[in-house]
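Visitor: Questions regarding the structure given below will be posed in turn.
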Amino acid sequence: MKPSSNKPSRAVLRAALAALCASSGFAPALAQSVPGSITYQLDPNHTFVTFEVQHFGTSTLRGRIGPVRGEVAIDRSAKSGDLRLRIPVTTLDTGMRALDARLKQPDLLATAEYPEAYFVATRFRFDDAGGVKEVRGEFTLRGVGEPLSLVARSFACRHDEMLRRDVCGGDFEADLKRSRFGATLGEPFVGDDVHLLIQVEGIAP
Amino acid sequence: MTKFSLLAVFAALGFTAAAHAEPATYALDPSHSFASWEIPHFGTSTNRGRFNKTSGTVTLDKAAKTGSLDVTVDTTSLDTGTAAFTKHISSEEMLNVAAFPTAHLVADKFIFAGDKVTEIDGNLTLLGKTNPVVLKATNYNCYMSPMVKREVCGGDFDMMITRSQYGVSYGLNYGFPDTMRVVIQVEAIKQ
Numbered sequence: 000m001k002p003s004s005n006k007p008s009r010a011v012l013r014a015a016l017a018a019l020c021a022s023s024g025f026a027p028a029l030a031q032s033v034p035g036s037i038t039y040q041l042d043p044n045h046t047f048v049t050f051e052v053q054h055f056g057t058s059t060l061r062g063r064i065g066p067v068r069g070e071v072a073i074d075r076s077a078k079s080g081d082l083r084l085r086i087p088v089t090t091l092d093t094g095m096r097a098l099d100a101r102l103k104q105p106d107l108l109a110t111a112e113y114p115e116a117y118f119v120a121t122r123f124r125f126d127d128a129g130g131v132k133e134v135r136g137e138f139t140l141r142g143v144g145e146p147l148s149l150v151a152r153s154f155a156c157r158h159d160e161m162l163r164r165d166v167c168g169g170d171f172e173a174d175l176k177r178s179r180f181g182a183t184l185g186e187p188f189v190g191d192d193v194h195l196l197i198q199v200e201g202i203a204p
Numbered sequence: 000m001t002k003f004s005l006l007a008v009f010a011a012l013g014f015t016a017a018a019h020a021e022p023a024t025y026a027l028d029p030s031h032s033f034a035s036w037e038i039p040h041f042g043t044s045t046n047r048g049r050f051n052k053t054s055g056t057v058t059l060d061k062a063a064k065t066g067s068l069d070v071t072v073d074t075t076s077l078d079t080g081t082a083a084f085t086k087h088i089s090s091e092e093m094l095n096v097a098a099f100p101t102a103h104l105v106a107d108k109f110i111f112a113g114d115k116v117t118e119i120d121g122n123l124t125l126l127g128k129t130n131p132v133v134l135k136a137t138n139y140n141c142y143m144s145p146m147v148k149r150e151v152c153g154g155d156f157d158m159m160i161t162r163s164q165y166g167v168s169y170g171l172n173y174g175f176p177d178t179m180r181v182v183i184q185v186e187a188i189k190q
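Top to bottom, those sequences are chains A and B.
Per numbering that gives the first Met the number 0, the first sequence starts with residue 0, numbered consecutively.
Per numbering that gives the first Met the number 0, the second sequence starts with residue 0, numbered consecutively.
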């Protein structure tokens with residue numbers, strides 16, 4: 000997307016976002032921009048969460064949530080990072096509307112009261128080549144915060160010819176127990192263990 | 000051997016044959032039967048898509064350890080979560096769903112380990128072209144469903160397809176792989 004003069008500046012958007020976050024009771028600091036770090040905006044076309052949960056110990060029920068919004072600052076020389084994700088739970092899509100509606104009810108994802116989930120992380124682990132290996136932080140779902148670790152199955156950076164920007168991203172996986180967040184309906188027939196497959200790409204400035 | 004015991008042997012054989020001759024039919028449960036695919040995006044992350052409408056039937060003969068299936072995927076039900084991406088893949092450049100609105104999977108070779116199906120060998124017809132495919136089970140189970148009060152059998156299957164075999168060669172020249180993974184959730188209700 001090309002910047003145009005009739006659009007609000009990034010600073011204005013950030014201020015507006017910060018105000019929105021503050022008014023909704025969620026006030027994350029925006030990813031820190033420090034010398035040596037690059038702040039990547041997540042690409043909404045390539046940033047989705049797919050969850051997997053066992054159905055009657057037989058097949059795997061899947062659903063997609065996204066696009067996930069947010070940004071990540073990475074400082075490869077200092078081997079540090081700062082990730083802020085806003086996960087729009089209301090976009091939940093299993094391919095079947097009746098199931099989507101059921102999963103959004105108060106006894107499961109409670110999307111009317113908690114339309115977004117959040118993941119905030121500052122504990123980054125890098126491999127020798129400077130790729131992100133693991134990100135540990137706090138995941139907030141249904142208003143409940145729990146520690147969560149995202150483990151990279153793949154991570155790479157490229158220069159994207161279409162965007163004319165550097166793009167970094169990969170596939171991450173995480174495991175959580177939904178009961179920890181108070182969403183127990185259907186257990187034990189529908190599993191407590193939830194596996195997350197996270198596709199993420201971030202675009203450099 | 001007496002006439003009586005021979006009769007008993009024939010009766011026993013006949014009984015077994017009768018059991019073999021009665022495979023059960025299962026209808027796919029559309030709310031738990033989805034095919035999704037995965038393809039790497041410029042070596043960075045994995046793009047996923049899902050077909051929302053799949054229907055068909057499976058026959059299983061648990062005693063004989065045989066089976067067959069006939070499954071139709073509505074390719075117009077493709078859903079990637081990104082409208083522009085879904086539209087592009089559905090276009091004539093790739094799946095051409097206007098001309099080929101269905102994909103069709105037929106199989107009559109089921110491989111069992113004990114009571115569980117571990118592999119299904121069949122043929123996939125996509126864009127009018129038919130090629131052999133192998134579905135490997137990563138989960139398989141049967142249970143009595145308290146919802147429909149019937150037996151449900153199903154599982155998770157993986158299959159690798161070579162898209163150029165079906166004429167889908169878009170992007171091969173700039174790094175999108177030819178081989179892609181298809182992830183299948185399936186549950187079928189005994190009729």
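Think of the CB as a built atom: it goes at the ideal place given N, C-alpha and C, for glycine as much as any other residue.
(1) Can you list, in chain order, the residues of the stretch 172-189 of chain B whose Cβ is nearer than 7 Å to any Cβ on chain A?
(2) Which residues of the stretch 77-111 of chain A have a Cβ closer than 9 Å to any Cβ of chain B? Give them in chain order.
(3) By a C-beta neighbour count over all protein chains shown, 10 Å radius and 16 as the cutoff for buried, is B:Ser89 buried or exposed?
(4) Between B:His31 and chain A, is the shortest Cβ-Cβ distance under 7 Å, so that the two count as touching?
(5) Enumerate, from N- to C-terminal direction, the unbroken beta strand (DSSP E) stretches of 3 or more residues contained entirely within the stretch 94-140 of chain B.
(6) So which residues on chain B does A:Ala155 lean against when the C-beta distance must stay under 9 Å?
(7) Can you tell which of A:Asp126, A:Ala203 and A:Gly65 has its C-alpha closest to the C-alpha of A:Leu195?
(8) Taking only the alpha-carbon atoms, compute the straight-line gap between B:Asp78 and A:Asp192 and give it to the nearest angstrom.
(9) At the level of alpha carbons, what is the spacing between A:Asn44 and A:Arg83?
(10) Beta-carbon of B:Arg49 versus every beta-carbon of chain A: anything under 7 Å?
(11) Per DSSP, what kind of secondary structure is B:Lys64 in: helix, strand or coil?
(12) Look at A:Arg141 and A:Arg122 and say whether their C-beta atoms are less than 7 Å apart.
(13) Since I believe B:Glu186 is in contact with B:Val151 (beta carbons under 8 Å), could you give me their beta-carbon distance rounded to a whole number of angstroms?
(14) What does the alpha-carbon distance come out to for the pair A:Leu41 and B:Ala23?
(15) Express the C-alpha separation of A:Ser148 and B:Phe99 in angstroms, rounding to a whole number.
(16) Measuring CB to CB, does A:Arg68 end up less than 7 Å from A:Arg85?
(17) Just tell me which of A:Arg101, A:Gly190 and A:Asp170 has its CA closest to the CA of B:Phe41.
(18) Counting contacts by CB-CB distance shorter than 7 Å, is B:Phe117 in contact with chain A?
(19) Whose C-beta lies closer than 7 Å to the C-beta of A:Gly190 among residues of the same chain, with five residues either side of it excluded?
(20) Could you tell me if B:Met159 is buried or exposed, where buried requires 16 or more neighbouring beta carbons within 10 angstroms of its beta carbon?
(21) Are the C-beta of A:Arg63 and some C-beta of chain B separated by less than 7 Å?
(22) Would A:Tyr39 and A:Ile197 qualify as a contact pair, given that the criterion is a beta-carbon distance under 7 Å?
(23) Let me know if B:Tyr173 comes out buried or exposed under the rule of 16 or more other beta-carbons within 10 Å of its beta-carbon.
(24) Based on DSSP bridge pairs, tell me the residues matched to B:Gln184.
(25) Do B:Ala34 and B:Ile188 have their CB atoms nearer than 7 Å?
(26) When burial is assigned at 16 or more other CB atoms within 10 Å of the CB, is A:Ala26 buried or exposed?
(27) Hey, out of A:Leu91, A:Met95, A:Gly129 and A:Asp127, whose CA is closest to A:Ala111's CA?
(28) Which residues share a DSSP beta bridge with A:Glu220?
(29) Name the chain A residues whose beta carbon is nearer than 7 Å to that of B:Thr81?
(30) Kindly list the residues whose CB is nearer than 8 Å to the CB of A:Thr59, restricted to its own chain and excluding five residues on each side of it in sequence; keep chain order.
(31) When you compare only the Cα positions, how much space is there between A:Glu137 and B:Ala102?
(32) Name the DSSP beta bridge partners of A:Ala120, please?
(33) Quick one: measure Cβ to Cβ for B:Thr74 and B:Val96, integer angstroms, because I've assumed they're closer than 8 Å.
(34) Give me the Cα-Cα distance between A:Arg157 and A:Asp165, rounded to the nearest whole angstrom.
(35) For B:Pro39, write down the residues that DSSP places opposite it in a beta bridge.
(36) In three-state terms, what does DSSP make of A:Ala77?
Guide: In short, the structure shows the following:
(1) Answer in chain order: Gln184, Val185 and Glu186.
(2) Residues Thr90, Asp92, Thr93, Gly94, Met95, Ala97 and Leu98.
(3) Position 90 of the second sequence, counted from the first residue, corresponds to residue 89 of chain B. The residue is buried, with at least 16 neighbouring Cβ atoms inside 10 Å.
(4) To locate residue 31 of chain B, count along the second sequence from 1; it is residue 32. By this cut-off, B:His31 is an interface position.
(5) Complete beta strand (DSSP E) runs here, min 3: 101-112 and 115-125.
(6) Along the first sequence, one-based indexing puts residue 155 of chain A at 156. Those within 9 Å of A:Ala155 in chain B are Phe41, Gly42, Thr43 and Ser44.
(7) Working through the first sequence from its first residue, we reach residue 195 of chain A at position 196. Ranking the options by Cα distance to A:Leu195, first place goes to A:Gly65.
(8) Here residue 78 of chain B corresponds to residue number 79 of the second sequence, with the count starting at 1. Here residue 192 of chain A corresponds to residue number 193 of the first sequence, with the count starting at 1. When rounded, the distance between both Cα atoms is 25 Å.
(9) As a position in the first sequence, residue 44 of chain A is number 45, starting the count at 1. As a position in the first sequence, residue 83 of chain A is number 84, starting the count at 1. Here the C-alpha atom of A:Asn44 lies approximately 18 Å from the C-alpha atom of A:Arg83.
(10) Stepping through the second sequence from its first residue, residue 49 of chain B is reached at position 50. Closer than 7 Å to some Cβ of chain A, the Cβ of B:Arg49 qualifies, so yes.
(11) As a working mapping, residue 64 of chain B is identified with position 65 in the second sequence. DSSP places B:Lys64 in coil when its eight states are reduced to three.
(12) Stepping through the first sequence from its first residue, residue 141 of chain A is reached at position 142. Stepping through the first sequence from its first residue, residue 122 of chain A is reached at position 123. No; because the gap between Cβ atoms is not below 7 Å, this pair is not in contact.
(13) Here residue 151 of chain B is taken as the residue at index 152 of the second sequence, counted from 1. Here residue 186 of chain B is taken as the residue at index 187 of the second sequence, counted from 1. Indeed, because the Cβ distance is near 5 Å, the residues count as touching under 8 Å.
(14) For this step, residue 41 of chain A is matched to residue 42 along the first sequence. For this step, residue 23 of chain B is matched to residue 24 along the second sequence. Rounded to the nearest angstrom, the two C-alpha atoms are 50 Å apart.
(15) One-based indexing of the second sequence puts residue 99 of chain B at position 100. One-based indexing of the first sequence puts residue 148 of chain A at position 149. Distance from the CA of B:Phe99 to the CA of A:Ser148, rounded to the nearest whole angstrom, comes to 43 Å.
(16) Taking the first sequence and counting its residues from 1, the one referred to as residue 68 of chain A is at position 69. Taking the first sequence and counting its residues from 1, the one referred to as residue 85 of chain A is at position 86. For the 7 Å CB-CB criterion, A:Arg68 and A:Arg85 form a contact.
(17) Numbered from its first residue, the second sequence carries residue 41 of chain B at position 42. Answer by Cα proximity: A:Asp170.
(18) On the second sequence, residue 117 of chain B is found 118 positions in, with the first residue counted as 1. The sequence shown places Thr at residue 117 of chain B, rather than the Phe named in the question. The Cβ of B:Thr117 sits no closer than 7 Å to any Cβ of chain A.
(19) The residue given as residue 190 of chain A occupies position 191 in the first sequence. Excluding positions up to five away in sequence, the list reads Val52 and Gln53.
(20) In the second sequence, the residue the question calls residue 159 of chain B occupies position 160. Around the Cβ of B:Met159, a 10 Å sphere holds fewer than 16 other Cβ atoms; the residue is exposed.
(21) What you label residue 63 of chain A is simply residue 64 of the first sequence in a count that begins at 1. So yes, A:Arg63 belongs to the interface.
(22) Counting from one through the first sequence, the residue named residue 39 of chain A turns up at place 40. Counting from one through the first sequence, the residue named residue 197 of chain A turns up at place 198. Not in contact: A:Tyr39 and A:Ile197 (Cβ atoms no closer than 7 Å).
(23) By one-based count along the second sequence, residue 173 of chain B stands at place 174. Burial call: exposed.
(24) Sequence index remark: in the second sequence, residue 184 of chain B carries index 185 (1-based). Residue pairing by DSSP puts B:Gln184 in a beta bridge opposite B:Phe33 and B:Asp155.
(25) Mapped onto the second sequence, residue 34 of chain B falls at position 35. Mapped onto the second sequence, residue 188 of chain B falls at position 189. Judged by their CB atoms, B:Ala34 and B:Ile188 are not nearer to each other than the 7 Å cut-off.
(26) One-based indexing of the first sequence puts residue 26 of chain A at position 27. With a pLDDT of 36 at A:Ala26, under the threshold of 50, the modelled position of this residue cannot be trusted; read the value that follows with caution. Exposed is the call here.
(27) Here residue 111 of chain A refers to the residue found at position 112 when the first sequence is read from its first residue. Here the closest residue by C-alpha is A:Leu91.
(28) An answer regarding residue 220 of chain A cannot be provided, because it is not within the stretch 0 to 204 covered by chain A.
(29) Counted from its first residue, the second sequence places residue 81 of chain B at position 82. Residues of chain A passing the Cβ test: Asn44.
(30) Position 60 of the first sequence, counting from 1, holds the residue named residue 59 of chain A. Excluding positions up to five away in sequence, the list reads Glu51, Val52 and Gln53.
(31) Here residue 137 of chain A refers to the residue found at position 138 when the first sequence is read from its first residue. Here residue 102 of chain B refers to the residue found at position 103 when the second sequence is read from its first residue. When only Cα atoms are considered, A:Glu137 and B:Ala102 end up about 42 Å apart.
(32) The residue you call residue 120 of chain A lines up with position 121 of the first sequence. Here A:Ala120 is bridged, per DSSP, to A:Leu82 and A:Gly136.
(33) Position 75 of the second sequence, counting from 1, holds the residue named residue 74 of chain B. Position 97 of the second sequence, counting from 1, holds the residue named residue 96 of chain B. Sure, about 4 Å apart at Cβ, within 8 Å.
(34) On the first sequence, position 158 is the one that residue 157 of chain A refers to. On the first sequence, position 166 is the one that residue 165 of chain A refers to. Within the model, the alpha-carbon separation for A:Arg157 versus A:Asp165 is close to 6 Å.
(35) On the second sequence, residue 39 of chain B is found 40 positions in, with the first residue counted as 1. Answer is B:Thr45.
(36) On the first sequence, position 78 is the one that residue 77 of chain A refers to. Coil, per DSSP.
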